[in-house]
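These notes are about the structure you will find just below.
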Amino acid sequence: MVAFEYLQNGTLRSKDDLKPASREKFDEAEKLVRSGKSLPQPLLGIGIYDTLEIATQRALVCVLAAQNVPSIRASLPISMEKKYNKLVK
38 MVAFEYLQNG
48 TLRSKDDLKP
58 ASREKFDEAE
68 KLVRSGKSLP
78 QPLLGIGIYD
88 TLEIATQRAL
98 VCVLAAQNVP
108 SIRASLPISM
118 EKKYNKLVK
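So in my numbering, spot 36 of the sequence shown is number 73, and the numbers just go up one at a time.
What follows is the structure, given as structure tokens:
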């Protein structure tokens with residue numbers, strides 16, 4: 038999965054390595070998780086290089102990954118379903 042702002046060589050960047058805008062979004066996502074409120078559902082997409090990308094809520098997905106959450110519910114546009122099925126097989 039691609040979230041280039043938050044990943045480096047397939048590993049989550051440390052907060053110190055994030056650019057200011059990405060760090061701000063990461064901090065906001067951490068606050069949301071700590072609040073106990075309902076979390077927005079991320080939207081996935083297929084990138085130009087046929088990779089699975091996090092289209093929305095990237096920071097939230099990365100915060101949850103940093104907290105070792107094993108899985109989260111996400112949405113995928115119906116128009117991308119066939120392409121997605123080819124990627125995951």
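Backbone N, C-alpha and C define an ideal beta-carbon position, used for all residues, glycine too.
Residue environment, residue i, which counts as buried when at least 16 other CB atoms sit within 10 Å
| i | result |
| --- | --- |
| proline 107 | exposed |
| serine 59 | buried |
Straight-line gap, residue i to residue j (C-alpha atoms, nearest Å)
| i | j | result |
| --- | --- | --- |
| asparagine 134 | alanine 40 | The structure shown does not extend to residue 134, since the chain spans only 38 to 126, so no value can be given for it. |
| valine 98 | serine 75 | 14 Å |
| lysine 104 | glutamine 94 | Here residue 104 turns out to be glutamine, not lysine, going by the sequence shown. Going by the C-alpha atoms only, they are around 16 Å apart. |
| lysine 120 | isoleucine 83 | 8 Å |
is_contact[residue i, chain B] using C-beta, thresh 8 Å
| i | result |
| --- | --- |
| lysine 62 | Checking the listed chains, one finds no chain B in this structure; it contains a single protein chain. |
Contact check, residue i vs residue j, beta carbons under 8 Å
| i | j | result |
| --- | --- | --- |
| alanine 102 | glutamine 78 | no |
| glutamate 61 | valine 100 | no |
| alanine 96 | tyrosine 43 | yes |
| leucine 124 | leucine 80 | no |
For residue i, three-class secondary structure by DSSP
| i | result |
| --- | --- |
| serine 112 | strand |
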